[in-house]
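Undergrad:
Residue numbers (our numbering): 36 to 139.
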């Protein structure tokens with residue numbers, strides 16, 4: 036897959052490059068290799084899992100930043116920024132009680 040297209044009836048499609056979509060699905064414990072679904076009852080836990088991964092990523096980045104120069108650190112896009120639209124999609128779909136699907 037070159038991109039992941041996350042779809043729901045509540046929001047517009049969310050398109051992510053394969054590496055970023057795959058990482059989010061792995062954080063959620065979902066199989067990124069084929070089609071899948073996130074049901075509303077799973078969405079609160081999904082948001083929490085992403086936020087936990089963000090905290091771990093930021094702690095690791097802070098340690099890495101201390102050993103790198105400022106120019107290379109400024110070129111990276113954090114997990115927090117990449118996941119923000121996905122978290123918003125999860126929250127809106129949970130409120131509306133609709134699934135999020137991909138690969139279909």
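No residue lacks a Cβ here, since even glycine has one placed at the ideal position from N, Cα and C.
1. Comparing C-alpha positions only, which one of 115, 80, 72, 118 sits nearest to residue 133?
2. Here's a check: name, in chain order, each residue in its chain whose Cβ is nearer than 6 Å to the Cβ of residue 46, leaving out the five neighbours to either side.
3. Between the C-alpha atoms of residue 95 and residue 64, what's the straight-line distance to the nearest angstrom?
4. Could you check how far apart the C-beta atoms of residue 93 and residue 117 are, in whole angstroms? I think they sit under 8 Å.
5. Is residue 65 helix, strand or coil when you go by DSSP?
6. Reducing DSSP to helix, strand and coil, say where residue 50 ends up.
TA: To lay it out plainly:
1. The count along the chain shown starts at 1 and reaches residue 133 at position 98. Closest option to residue 133, Cα to Cα, is 72.
2. For the purposes of this step, residue 46 is identified with residue 11 of the chain shown, where counting begins at 1. Within the same chain, residue 46 has close Cβ partners 124, 127.
3. By one-based count along the chain shown, residue 95 stands at place 60. By one-based count along the chain shown, residue 64 stands at place 29. If you take the alpha carbons of residue 95 and residue 64, they lie about 21 Å apart.
4. In the chain shown, counting from the first residue as 1, residue 93 sits at position 58. In the chain shown, counting from the first residue as 1, residue 117 sits at position 82. Incorrect: roughly 13 Å between the Cβ atoms, too far for contact.
5. The residue you call residue 65 lines up with position 30 of the chain shown. Coil, per DSSP.
6. One-based indexing of the chain shown puts residue 50 at position 15. Reduced to three states, the DSSP call for residue 50 is strand.
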